[in-house]
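Notes for the one structure printed next.
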Amino acid sequence: MNRDETSRTGMMALEEGSRVDFTRLRHDRRRRLARGMEAAGLDALVLGRGPNVRYAAGARQLWRAGTSPFAPMCVMVAETGKVHLLSVWDEGVPPEIGHDELYGLFWNPANLLEALRGIPGLAEAERVGTDGFTPLFGRLQPAIAPKAEVVDASPLLSEARATKTADEVACITVAATLAEAALCALEHALAPGVTERQLLGVFYECVCRLGSPAPASESVAFATPAHGPVRFRHLVSDRPVGEGELVALAPSALYAGYEGGLARTRVAGSSAPKGTAALAGRCRTALDALVAACRPGAAGADLYAAWESTGEPAPTVLLANGIGIGTEPPVIGFGRGRTATLVEGQVLSVQAWAAHEGTGGFLEREVVLVGAEGPQVLTRGERFPL
Amino acid sequence: MTVDDWSAGATIGGRPVPGQPDLERMRRERTARLQVQLEAEGLDGLVLLGSSANAYASGALAPGEDSGRAGLFRSVTVVVRGAPAPHLFTPFSDGAPPELPADHLHGPLFPDLEDGIAEFASALGDLFGGGARLGVDEQTHPMLRSLGRYEWTDAAAVVAPAKIAKTVDEVACIRHAQHISELAMLEAQAVLRPGVRQSELSGAFLRRVFELGATSGAIDPIWQVMAPTKDAGPWTIHGDIAYPAATTDRFLREGDVIWVDAGINYNGYASDYGRTWITSNHPRPTPRQAAQFDRWRAVNGAVLELLKPGVTAIELTRAAIAANDGVKPWIEHFYLSHAIGTDSAELPLIGTDLGDEFDERQVMAPGMVLVLEPVIWEEGAAGYRSEDIVVVTDDGWLALSGDRYDPFTVAA
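First to last, the protein sequences are chains A and B.
Everything in the first sequence is counted per the working numbering, starting at 996 for the first residue and increasing by one.
Everything in the second sequence is counted per the working numbering, starting at 207 for the first residue and increasing by one.
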């Protein structure tokens, strides 16, 4: 990538075309899935998880918070190469998915069953990969694909999604840029007396103004006390932030489904608590060590080792996770992910959290591209002056 | 934020609906209901992975998150038959209910990861013996591979009957969520004018809901511009109206009729704000639009006229159709009414493709919530859609949503 990639960090199309070639983006994703299906000997993929559905179909559908139990939202058939999508209408559906490939929203499982039976090639499938299962799906499956063995499609989905194309990196960078704008808005609003829930409101207003209302997470701000135990928190509180408290600001955003985000820690007011510089230094050292470990071929265990090499106590929060269309494996932290192997082109959210009773907590987070030449930090934000 | 004595003495099961929910009592009563249903179904426990089932069974709060993140960093609630409290395994320990015993609050489990399943199996092994019959809402492939020692069945058989009639505190939660949404919509409506983008309305609304106390967002707010004819709107598989379509950075223009639909979450409970707005510096419904609104009111009025314990859903759909001159006043892929609770659409669902026989069997009972969302459509002149929320009480119903329909006005 010799050209300045940041020329693509805008939301709107230009006269000569969109900044990101979404047609190519979708085509590349689908080709990866088709290859993965072939390698795994799958006749069909039945997908229910939001990010997998978006990866396969590339449709712009209504965003809802949280996760719902598995249901067949999208079907990809190897023989026809077609992607079938649960969508009552064609708005937001890319042109390569024709009207015949859409099926409806039903409350009656019998009607859903009938719609799925109308998908060419599914009924004959002998091997069907899914990204989830429910007792209800177990009862319906013999009627949808009577001959099929149902297998786990997660490995092929993870593999397809792990390595990002240049278009995908561009989308992640746009999302990171939105998050950087939100970080500035949060910094501007941060002052003694403001509440965390007011900061969450400021975050939402900023990303909405930029045209991308759906957040990756609403965990965007938490203050830590200068006295007593320090906790990493996720839910906003009503308590006014006190003068001199350290506040973790951790906005993230989505662009075309892709996630980007960063975290910085700031002081509310003018007087930093005693020990802030030392704590900030610990956090930076730990984050830099983690980022440096994000190289092709490295294992999750190498990130744990990088953390331990800084002398920090055993990590109590996540060290890193994959990002792409939302959050994805690997999960490195909570003791998980030691054997996960990083691959070139993977993008990670990497974070360091250091806490000290009597000072507070310090959080920093970056988006890191695992590049052939080494880690490339995609996020930009002023770091705490040491 | 203070709320007046809005419930005015209405009762559900003989108990008055409180102005504000007693959250601890609410969680205790939900746990008791799940225990009753576990007994009735002969199950040994529940293992719940989905966001709304967790909110119901554990009472734990979680930040609003994209589905990818929420599906990897989950809360898992395990309910053991006969036990007084659920077990909560969560990455969001700050969202755990304060009364949850310390030995019932655990670190996160990762049922979606191959290298998380041994710990998951071990946690379940501490609570259940082999052969236990467990209700589950979702099974990941690692669970299918590694947890074959249990007999798995659909958790809905336990959870759905527990949820269908709300307790008085659940009703107060829904009302509070709705109140927050309605106040925040005043801010969004003040921003509405030609040239504003749909997503800017979202910003005004979402900023305000959090200032007012929302726990989390639930859905990307919808501000869909309705084309005057069905053909001018998006193509649909059934030929009926395409709704609700996702928000973009689309500019709104003078005279655009927009159907607003948004919901937030307050202590686990959804709100559902639905109204029709007109884009203008001086929004004034045309006589035709005003007549659509009057008809919408008449349809809802006909339903509410009948609504009380013992009425069947089919009686309500028939009344709605009759009030619309024999034309079904709702969208083909939806319903006349749905409930809200910890889900944004849950039972009772009235007027769905489950059919008339299903509606004949749905008998209204105290505590059931109805979000009435009839649609009045006139080819060539778009239409009117709003949502009114009521709860069935011991002797009728109680409104949980407000009575402002600006820029439409209720005829004197």
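For every residue, glycine included, the Cβ atom is placed at its ideal position computed from N, Cα and C.
Assumed close pair residue i, residue j - CB separation to whole angstroms, cut-off 8 Å
i: alanine 261 (chain B); j: threonine 442 (chain B); result: Alanine 261 (chain B) to threonine 442 (chain B), Cβ: 32 Å. No contact.
i: tyrosine 590 (chain B); j: phenylalanine 457 (chain B); result: At roughly 23 Å, the Cβ-Cβ gap does not stay under 8 Å, so tyrosine 590 (chain B) and phenylalanine 457 (chain B) are not in contact.
i: glutamate 1254 (chain A); j: aspartate 272 (chain B); result: 7 Å
i: proline 434 (chain B); j: alanine 588 (chain B); result: 5 Å
i: proline 427 (chain B); j: threonine 485 (chain B); result: Actually they do not touch by this definition, with Cβ atoms about 15 Å apart.
i: alanine 1170 (chain A); j: leucine 1249 (chain A); result: 6 Å
i: leucine 340 (chain B); j: leucine 249 (chain B); result: 7 Å
Neighbouring residues, chain B, relative to residue i (Cβ below 7 Å)
i: valine 1362 (chain A); result: Correct list: empty, because the minimum Cβ distance to chain B is about 14 Å.
i: histidine 1183 (chain A); result: Correct list: empty, because the minimum Cβ distance to chain B is about 14 Å.
i: serine 1013 (chain A); result: Here the premise fails: no neighbours, minimum Cβ distance about 13 Å.
i: valine 1326 (chain A); result: Leu278, Phe316, Leu319
Assigned exposure category for residue i - 16 Cβ within 10 Å defines buried
i: glycine 220 (chain B); result: exposed
i: valine 1363 (chain A); result: buried
i: histidine 1094 (chain A); result: exposed
i: threonine 1311 (chain A); result: exposed
i: proline 1324 (chain A); result: buried
i: leucine 1042 (chain A); result: buried
i: leucine 412 (chain B); result: buried
i: glutamine 226 (chain B); result: exposed
i: glycine 331 (chain B); result: exposed
i: proline 1090 (chain A); result: exposed
i: arginine 490 (chain B); result: exposed
i: aspartate 437 (chain B); result: exposed
i: glycine 586 (chain B); result: exposed
i: histidine 444 (chain B); result: exposed
i: glutamate 1096 (chain A); result: buried
Which of helix, strand or coil DSSP assigns to residue i
i: glutamate 563 (chain B); result: helix
i: threonine 1374 (chain A); result: coil
i: valine 431 (chain B); result: strand
i: valine 1225 (chain A); result: coil
i: isoleucine 425 (chain B); result: strand
i: asparagine 1047 (chain A); result: helix
i: valine 509 (chain B); result: helix
i: glutamine 1346 (chain A); result: strand
i: glutamine 1136 (chain A); result: helix
i: isoleucine 386 (chain B); result: helix
i: leucine 1249 (chain A); result: strand
i: asparagine 487 (chain B); result: coil
i: tyrosine 611 (chain B); result: coil
i: serine 273 (chain B); result: helix
i: methionine 1071 (chain A); result: strand
i: histidine 444 (chain B); result: coil
i: glutamate 585 (chain B); result: coil
i: aspartate 1147 (chain A); result: strand
i: glutamate 1339 (chain A); result: coil
i: leucine 1241 (chain A); result: strand
Proximal residues of chain B, C-beta to C-beta of residue i below 9 Å
i: tyrosine 1250 (chain A); result: Here the premise fails: no neighbours, minimum Cβ distance about 12 Å.
i: phenylalanine 1128 (chain A); result: Glu344, Gln345, Thr346, His347, Met349, Leu350
i: valine 1189 (chain A); result: What valine 1189 (chain A) touches in chain B: nothing, since even the nearest Cβ is about 11 Å away.
i: arginine 1030 (chain A); result: Simply none; closest approach about 21 Å.
i: arginine 1026 (chain A); result: Going along chain B, no residue has its Cβ under 9 Å from arginine 1026 (chain A), so there is no contact; the nearest lies around 22 Å.
Within-8 Å CB hit, residue i to chain C
i: serine 281 (chain B); result: Absent from the structure: chain C. Protein chains present are A and B.
Proximity test, residue i beta-carbon vs the ligand HEM heavy atom, cut-off 7 Å
i: arginine 1360 (chain A); result: Ligands in the displayed structure: none, and consequently the ligand HEM is not present.
Cross-chain neighbours of residue i in chain A, by beta carbon under 8 Å
i: phenylalanine 416 (chain B); result: Arg1192, Gln1193, Leu1195, Gly1196, Tyr1199, Val1231
Chain-ordered neighbours of residue i on chain B, where CB pairs are closer than 8 Å
i: glutamate 1323 (chain A); result: Gly274, Leu278
i: serine 1304 (chain A); result: The contacting residues do not exist; serine 1304 (chain A) stays about 23 Å from chain B at best.
Beta-carbon neighbours of residue i, restricted to chain A and to distances below 9 Å
i: histidine 293 (chain B); result: The premise fails here: histidine 293 (chain B) is roughly 17 Å from chain A at the closest Cβ pair, so nothing lies under 9 Å.
i: arginine 381 (chain B); result: Chain A residues near arginine 381 (chain B): none, gap ~20 Å exceeds 9 Å.
i: histidine 385 (chain B); result: Going along chain A, no residue has its Cβ under 9 Å from histidine 385 (chain B), so there is no contact; the nearest lies around 16 Å.
Chain-ordered chain A contacts of residue i [CB-CB under 7 Å]
i: histidine 539 (chain B); result: Val1083, Gly1099, Leu1100
i: tryptophan 358 (chain B); result: Pro1130
i: aspartate 426 (chain B); result: Leu1057, Trp1058, Pro1208, Ala1209
**OP:** Could you please tell me which residues of the segment 298-324 of chain B, in chain order, have their CB closer than 9 Å to any CB of chain A?
**Re:** Phe298, Ser299, Asp300, Gly301, Gly313, Pro314, Phe316, Asp318, Leu319, Glu320, Asp321, Gly322
**OP:** Could you list the residues in the segment 1051-1063 of chain A with a C-beta less than 7 Å from some C-beta on chain B, going in chain order?
**Re:** Arg1055, Gln1056, Leu1057, Trp1058, Arg1059, Ala1060, Gly1061, Thr1062, Ser1063
Original post:
Looking at chain B, which residues of the segment 1196-1214 of chain A have a Cβ within less than 9 Å of any of its Cβ atoms?
Top reply: Gly1196, Val1197, Phe1198, Tyr1199, Glu1200, Cys1201, Val1202, Cys1203, Arg1204, Leu1205, Gly1206, Ser1207, Pro1208, Ala1209, Pro1210, Ala1211, Ser1212, Glu1213, Ser1214
Subject >> Interfacial residues, the segment 1090-1108 of chain A to chain B, with Cβ spacing under 8 Å >> reply: His1094, Leu1097, Tyr1098, Gly1099, Leu1100, Phe1101, Trp1102, Asn1103, Asn1106
Original post:
Which residues, in order along the segment 1037-1051 of chain A, keep a beta-carbon less than 7 Å from a beta-carbon of chain B?
Top reply: Arg1044, Gly1045, Pro1046
Original post:
Between the segment 1338-1366 of chain A and chain B, which residues of the former have CB atoms less than 7 Å from a CB of the latter, in chain order?
Top reply: none
**OP:** Would you list, in chain order, the members of the segment 1246-1276 of chain A that have their beta-carbon closer than 8 Å to a beta-carbon of chain B?
**Re:** Leu1249, Glu1254
Subject >> Near-chain A residues of the segment 557-586 of chain B (beta-carbon distance less than 9 Å), N- to C-terminal order >> reply: Thr558, Asp559, Leu560, Gly561, Phe564
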